[in-house]
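Have a look at the structure below before the remarks.
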Amino acid sequence: MKKMLSIAFAWLSFNSLSAQNTSVQNIEPRLEALLAKMTLDEKIGQLNQVVGDISTGTEVRSDGLLAQIRAGKVGSVLSHTNFDNKTAIQQVAVRESRLGIPILFGFDVIHGYKTIFPIPLAQAATWNLAAIERAERIAAAEAAADGQHWTFSPMVDITHDPRWGRVMEGAGEDPWYGSLVAQARIRSFQGDDLSAVNTLAACAKHFAGYGFTEGGREYNTVDMSEQRLRQLVLPPFEAAVQAGCATFMNAFNTLNGVPASMNKHLVSDILRGEWGFRGLVVSDWNSFGETIIHGAAADDVDASAKCLSAGSDMDMAGGTFQRGLQKALAQGRVSEQQIDDAVRRVLRLKFALGLFDDPFRYLNPNRRAQTLEKPEYRQASREMAAESMVLLKNDGGLLPLDPKGPFRKIALIGPYVNSIGHKDYMSFWTLGLGNPQYDSTKVVTPAQALKPRLEEMGFEVTVTEVCLDANCDEKALSAALNAAREADLVIACLGERGIDCGESRCVSTLELPRGQERLLQVVSRNNKPTVMVLFNSRPLAFPWASENVPAILVAWQPGFEAGNALADVLTGSVNPSGKLTVTFPRNTGQIPLYYNHLNTGRPQANFGQMWTSGYLDVPNTPAYPFGYGLSYTTFGYSGLTLSKTAIGPGETLEVSVTVANTGKVTGQEVAQLYIRDPAADIARPVKELKGFEKIRLAPGERRTLTFKLSAKDLAYWNHEGRFKADSGQFRVFAGGNSVEVLEAEFELKE
Ligand code: GLC
Numbered sequence: 095m096k097k098m099l100s101i102a103f104a105w106l107s108f109n110s111l112s113a114q115n116t117s118v119q120n121i122e123p124r125l126e127a128l129l130a131k132m133t134l135d136e137k138i139g140q141l142n143q144v145v146g147d148i149s150t151g152t153e154v155r156s157d158g159l160l161a162q163i164r165a166g167k168v169g170s171v172l173s174h175t176n177f178d179n180k181t182a183i184q185q186v187a188v189r190e191s192r193l194g195i196p197i198l199f200g201f202d203v204i205h206g207y208k209t210i211f212p213i214p215l216a217q218a219a220t221w222n223l224a225a226i227e228r229a230e231r232i233a234a235a236e237a238a239a240d241g242q243h244w245t246f247s248p249m250v251d252i253t254h255d256p257r258w259g260r261v262m263e264g265a266g267e268d269p270w271y272g273s274l275v276a277q278a279r280i281r282s283f284q285g286d287d288l289s290a291v292n293t294l295a296a297c298a299k300h301f302a303g304y305g306f307t308e309g310g311r312e313y314n315t316v317d318m319s320e321q322r323l324r325q326l327v328l329p330p331f332e333a334a335v336q337a338g339c340a341t342f343m344n345a346f347n348t349l350n351g352v353p354a355s356m357n358k359h360l361v362s363d364i365l366r367g368e369w370g371f372r373g374l375v376v377s378d379w380n381s382f383g384e385t386i387i388h389g390a391a392a393d394d395v396d397a398s399a400k401c402l403s404a405g406s407d408m409d410m411a412g413g414t415f416q417r418g419l420q421k422a423l424a425q426g427r428v429s430e431q432q433i434d435d436a437v438r439r440v441l442r443l444k445f446a447l448g449l450f451d452d453p454f455r456y457l458n459p460n461r462r463a464q465t466l467e468k469p470e471y472r473q474a475s476r477e478m479a480a481e482s483m484v485l486l487k488n489d490g491g492l493l494p495l496d497p498k499g500p501f502r503k504i505a506l507i508g509p510y511v512n513s514i515g516h517k518d519y520m521s522f523w524t525l526g527l528g529n530p531q532y533d534s535t536k537v538v539t540p541a542q543a544l545k546p547r548l549e550e551m552g553f554e555v556t557v558t559e560v561c562l563d564a565n566c567d568e569k570a571l572s573a574a575l576n577a578a579r580e581a582d583l584v585i586a587c588l589g590e591r592g593i594d595c596g597e598s599r600c601v602s603t604l605e606l607p608r609g610q611e612r613l614l615q616v617v618s619r620n621n622k623p624t625v626m627v628l629f630n631s632r633p634l635a636f637p638w639a640s641e642n643v644p645a646i647l648v649a650w651q652p653g654f655e656a657g658n659a660l661a662d663v664l665t666g667s668v669n670p671s672g673k674l675t676v677t678f679p680r681n682t683g684q685i686p687l688y689y690n691h692l693n694t695g696r697p698q699a700n701f702g703q704m705w706t707s708g709y710l711d712v713p714n715t716p717a718y719p720f721g722y723g724l725s726y727t728t729f730g731y732s733g734l735t736l737s738k739t740a741i742g743p744g745e746t747l748e749v750s751v752t753v754a755n756t757g758k759v760t761g762q763e764v765a766q767l768y769i770r771d772p773a774a775d776i777a778r779p780v781k782e783l784k785g786f787e788k789i790r791l792a793p794g795e796r797r798t799l800t801f802k803l804s805a806k807d808l809a810y811w812n813h814e815g816r817f818k819a820d821s822g823q824f825r826v827f828a829g830g831n832s833v834e835v836l837e838a839e840f841e842l843k844e
């Protein structure tokens, strides 16, 4: 039933995409009239996407762009930053090619375009979907004003492995929350009219399973059961279809031996068959050609036949279709109908974007000048960054910094107090800034914001930037040691280089990079209270700091307003409310470590318990669990009550819990609701997130929240290959993270 509903809904939503999600009229007859005029060469040309002025992958073969466009051999250009060039390219396509079909410009708009926002994993940690939508509306407005039509976003991959550099691009480890974030991003990018000049076509990626790459190593093998694929990986993708996402992107990896681009089970059976997705599927960078390197295709002809037949339409950057699709047709490996259907999906998107009505509608220099980098966009980025920061420790209420407190002299120390270069405080995915080696002077660094801010409050502030690269010497540490000696309190700004965050940026260890823990230990010889601020793109492991540093703040990679947002949080003008959507392990060896794990037949109740599932050297528990984050105030949970003790298949259970601000300052709290099915037809996770609400409470204020659960929320992909809820006992949990919870029980009746 669920499957049927989702097909109907997706079919309607896609059709509504061409009707509702665009104000362009009469698309289908115009499309068919154009298709009838096209030669086979021109059709295959529409399925060819060529690299623009920035490369985001392996070097691939691409001749003169304009010559190819004149010859009708290019349907789309990706990663092109130069506005005037895009105008020239469109002029050539429209005025100098035989049929004048406009070019579709695609771009990675991952966390902002010209105004850089916090990385998506940080945005997810706000648990504020409205803020995420605002960020993406701003990104869409800037990118569309700069001539882009289509963003390769949202990345909706779930992962259990923070060694994988792309964990930063997603919403974390939970598929239910990841689905909500995916839909929020798609709604914001696409708006309700794809032809509007401030919206972009979205692209759900990478379909599918990429986040479960072996060893957390980029582009590596993915092998998983259908049950895990359906339960963990696919929900955000299905949610993307239901949100009317215009396009999908293949993943690089094999899934159970079959490269995703040619994986009929994924693209034909599930995406197009079960979910009824009728939109465009684009390869990832040369992933059609890489089926040959994987060893699953003999040559360009074989690769073209297998990828097109699977339902994948457009060839990003590889030229495989250009070299092999015509021969595949001649050999009867594909039909002209299959080629036509793929071309229809490309043309339909171009029509929906309004490109046939006005190919230059997104290339208006005046609108560009009025739209890019508006001051309110930076303010939105600053607010998002402050709201995304997660306070992990605050022993003794060291934070917020109080000018009436015991500290007067503050030493800012570390590699990231004032770092300009390596896209620090951002990530590799800030291509909209232009030059890939962009050394951002637009980022407000911690030193630039904190020094004046703290001095205004009456503190004395020193700044000691510490080089910790391989060639750094003891002198750098001695400078930090001296600065700490002179201070009353140390703020250590540590973490990762921005350029080390994102695709092809995997690590074999999560420990703090480049000797940073040693810096902390050296600096701590003076026994001065220390605040550790992390600029990170993934969970990191810092066991010594967790033991010895009284205050720890995860700032993520916060974007352009890094310093101001950090100052807002450290001074208390913003009370931190971020909560982790990824588990922070104690060490790398614990990976994979995630909250919604199975119980095993020998769960370890206590560390060291023999003959149970555990390690000799470390407890199974994480350093910081999913859903965790502190505030400058405290919150209490009480009164977990259920509207019924049992519900039938069609009924709704109301779960209420009271949250109180038991501290001294106003704060925001993310109340979370989890379930567990302790006796199902198959083993089920010990917890699954099924609800949350972010609320603001004044000191002493209390509020009773009510969540609704129905059989749909209890269903899972079972051993019979369908989504179904098992009748019987269920547990329900409510609290401020996935560990400290109140618990109750109810029954789902047959
Ligand atoms: C990259 C990424 C993909 C991106 C594309 C275009 O290799 O895997 O996420 O959208 O190429 O840059």
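Quick note: to get the numbering used here, add 94 to the position in the sequence shown (first position is 1). Note that beta-carbon positions come from the ideal geometry of N, C-alpha and C, so glycine has one too.
Between Asn512 and Gln336, the alpha-carbon positions lie close to 44 Å from each other. For a cut-off of 8 Å, the C-beta gap from Phe211 to Met478 is around 6 Å, short enough to register as a contact.
The residue among Phe342, Leu294, Asn642 with its C-alpha nearest the C-alpha of Met249 is Phe342. Using a 10 angstroms sphere on the CB of Met704, the tally of other CB atoms stays under 16, which defines it as exposed. Residues with their Cβ less than 5 Å from any non-hydrogen atom of the ligand GLC, running along the chain, are Thr150, Gly151, Asp202, Phe246, Asp378, Trp379. Of all C-beta pairs linking the region 596-615 to the region 526-542, fewer than three are shorter than 8 Å, placing the two stretches out of contact. Between the alpha carbons of Val557 and Gln473 lies a gap of roughly 25 Å. DSSP places Tyr768 inside the beta strand (DSSP E), whose first and last residues are 761-770. Spatial neighbours of Met410 in its own chain (CB-CB distance under 6 Å, excluding positions within 5 residues in sequence) are listed in chain order as Gln143, Val376, Ser377, Trp379. In terms of CA proximity to Gly592, Thr539 leads the group Gly702, Thr539, Thr715, Asp452.
Residue environment analysis places Glu308 among the exposed positions, since fewer than 16 neighbouring C-beta atoms fall within 10 angstroms of its C-beta. Closest in alpha carbon position to Gln684, among Ser671, Ser707, Gly666, is Ser707.
Assignment of Met478 by DSSP, reduced to helix, strand and coil, places it in the helix class. Of Ile646, Asn115, Val118, Ala436, the smallest CA-CA separation from Gly405 is found for Ala436. In this structure Arg366 is not in contact with Trp811, their Cβ atoms being roughly 19 Å apart against a cut-off of 8 Å. Here Gly499 is exposed. Its C-beta has fewer than 16 other C-beta atoms within 10 Å. The alpha-carbon separation between Asn179 and Leu493 amounts to approximately 50 Å. Contact check for Leu724 and Leu486: beta-carbon distance about 7 Å, within the 8 Å limit, so the pair qualifies. A distance below 7 Å between beta-carbons, with the five flanking residues on each side excluded, links Leu288 to the following residues of its chain, in chain order: Asn115, Thr116, Ala295, Ala340, Ala446, Leu447. If you check the CB distance, Ala649 and Ala717 do not come in under 8 Å. Residue environment analysis places Ser319 among the exposed positions, since fewer than 16 neighbouring C-beta atoms fall within 10 angstroms of its C-beta. Beta-bridge annotation (DSSP): Cys297 is paired with Thr341.
In the three-state scheme derived from DSSP, where H, G and I count as helix and E and B as strand, Val171 is classed as strand.
By alpha-carbon distance to Ala187, the top candidate from Gly139, Val826, Asn700 is Gly139. Scanning the region 539-570 from its first residue to its last, the whole beta strand (DSSP E) runs of 3-plus residues come out as 554-559. Non-local C-beta neighbours of Asn681 in its own chain, meaning closer than 8 Å and more than five positions away in sequence, comprise Leu604, Glu605, Ala635, Pro637, Val712, ordered along the chain. Out of Val601, Ala586, Leu544, the CA that lies nearest to the CA of Leu614 is found in Ala586. Our two residues, Leu692 and Glu550, have alpha carbons roughly 52 Å apart in a direct line.
For Thr739, there is no enclosing alpha helix (DSSP H), since its DSSP letter is neither H nor E. As computed with DSSP, Gly200 is found in a beta bridge with Leu172, Trp244. By alpha-carbon distance to Ala773, the top candidate from Trp270, Ser403, Ala699, Ser821 is Ser821. For Asp582, same chain residues with a beta-carbon under 6 Å away, outside a window of 5 residues either side, are Phe501, Arg502, Lys503 in chain order. Secondary structure of Cys401 (DSSP, three-state): helix.
Assignment of Trp258 by DSSP, reduced to helix, strand and coil, places it in the coil class. With contacts defined by Cβ atoms closer than 8 Å, Leu767 and Gly742 do not form a contacting pair.
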